[in-house]
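Residues 70 to 304 in my numbering are what the sequence shown spells out, letter by letter. A short write-up of the structure that comes next.
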Amino acid sequence: AYSSWDILIAFTVATLFLFLLLKTVRGSRLFEALFVFAVFLGMGSLVSALFGQGWAILVTAAAVFLYYREPRVITHNLIVAGGTAGVVASVGSAINPMSVLIVLAVLAVYDLVAVYGTKHMVVMAETLVRHKVFFGMILPERPRGLLALRRQVDLKHGVSFLGTGDVALPCLLLAAAAARYGTVPTLPILVGALAGLVATDLLFFRQSQKRPMAALPPISLGSILGYAVTLFAFG
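Next up, the structure:
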């Protein structure tokens, strides 16, 4: 079983590692290789658990091919979703929902400090975008933006970004709660997380001058309120 400390330590190590790389490495190849490795490792573990190792190799190879052959926003997002689902599936059933709530609360506060206080998260994100490496999902303002090429994505032109943590953490709570209460009782968590995401996106795109926003706090708040509903109704 995993604890909140396990998740927080893993997050801290990964963040420090990426921060040091951004300070010392100038090219983009290494960052892209790390992204591809992490995402496809997660995707491979999910497919392997569901269908076996042979299918995992086949699906992962096909995903790698699509990532480079069709380097569009929608392809990128689907692959990130698959990789994130693999990590969530492997961890979610082995962690207590209360541990995930602690992680959500701690990292929501961290996100506020990192975006509005020290701003180091903003610097890291802007550096990765300049390298055209996106450690997260790309959310265009308009649906047709999903068909844009990754290299055309720019912080200043109708897109927002959702980090892998912003996606994985509420999904982790969803998976942990589903393992305990079942699928249907966890729907309030999904609704709450989506409400937080939509609110953040609307606020971001309505800014006259686009400034980075911390997405995790509203998503965490929505997820936690959703979990409270689940506990009240089904606990």
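Here a beta-carbon is modelled for each residue, glycine too, at the ideal position from N, C-alpha and C.
Can you list, in chain order, the residues of its chain whose CB lies under 7 Å from that of residue i, leaving out five sequence neighbours each side?
i      : result
Ala163 : Ala70, Tyr71
Ala246 : Pro166, Thr255, Ile258, Tyr296, Thr299
Val157 : Ala237, Cys240, Leu241, Ala244
Leu173 : Leu238, Leu242, Ser289, Ser292, Ile293
Val260 : Gly295
Leu272 : Met282
Leaving aside the five residues before and after residue i along the sequence, list all residues of the same chain whose C-beta is less than 6 Å from its C-beta, in chain order.
i      : result
Ala262 : Pro239, Ile288, Gly291, Ser292
Phe303 : Tyr250, Pro254
Gly205 : Phe230, Leu231, Gly232, Thr233
His226 : none
Phe274 : Glu210
How many Å lie between residue i and residue j at the Cα?
i      : j      : result
Gly251 : Leu300 : 12 Å
His189 : Thr153 : 24 Å
Thr129 : Ile148 : 10 Å
Phe100 : Asp75  : 24 Å
Val228 : Leu85  : 26 Å
Tyr270 : Arg211 : Correcting the residue identity first, residue 270 is Asp in this sequence and not Tyr. Approximately 12 Å between the Cα atoms of the pair.
Tyr179 : Leu266 : 18 Å
Leu184 : Pro281 : First, the amino acid is wrong: residue 184 is Val here, not Leu. Between Val184 and Pro281, the C-alpha separation is close to 7 Å.
Arg199 : Gln276 : 22 Å
Leu197 : Pro209 : 18 Å
Ala264 : Lys279 : 21 Å
Phe106 : Ser168 : 27 Å
Arg95  : Gly123 : 37 Å
Phe120 : Leu127 : 11 Å
My assumption, with CB atoms under 8 Å, is that residue i sits in contact with residue j. Please give the rounded CB distance.
i      : j      : result
Ser114 : Ser159 : 6 Å
Leu181 : Ala283 : 5 Å
Val133 : Gly214 : In fact, because the Cβ distance is near 24 Å, the residues do not count as touching under 8 Å.
Val146 : Ile207 : Correcting the residue identity first, residue 146 is Asn in this sequence and not Val. The pair is a contact, with the Cβ atoms about 6 Å apart (cut-off 8 Å).
From the DSSP output, in three-state form, read off residue i for me.
i      : result
Met282 : coil
Arg249 : helix
Arg213 : helix
Val298 : helix
Asp180 : helix
Lys201 : coil
From the DSSP output, which residues share a beta bridge with residue i?
i      : result
Leu231 : Met206
Ile164 : Tyr71
Ser218 : With the sequence shown as reference, residue 218 is identified as Leu, and Ser is not the correct amino acid for it. Arg141.
Quick one: residues in its chain with C-beta nearer than 8 Å to the C-beta of residue i, no 5 flanking neighbours on either side, listed in chain order?
i      : result
Val202 : Ser97, Phe100, Glu101, Phe104
Ala248 : Gly161, Ser162
Leu216 : Arg141, Val142, Ile143
Val219 : Checking the sequence shown, residue 219 turns out to be Arg, not Val. Taken in chain order, the residues that qualify are Pro140, Arg141, Val142, His145, Lys201, Phe203, Ile207.
Counting only beta-carbon atoms, is residue i nearer than 8 Å to chain C?
i      : result
Leu290 : Absent from the structure is chain C; it holds one protein chain and no more.
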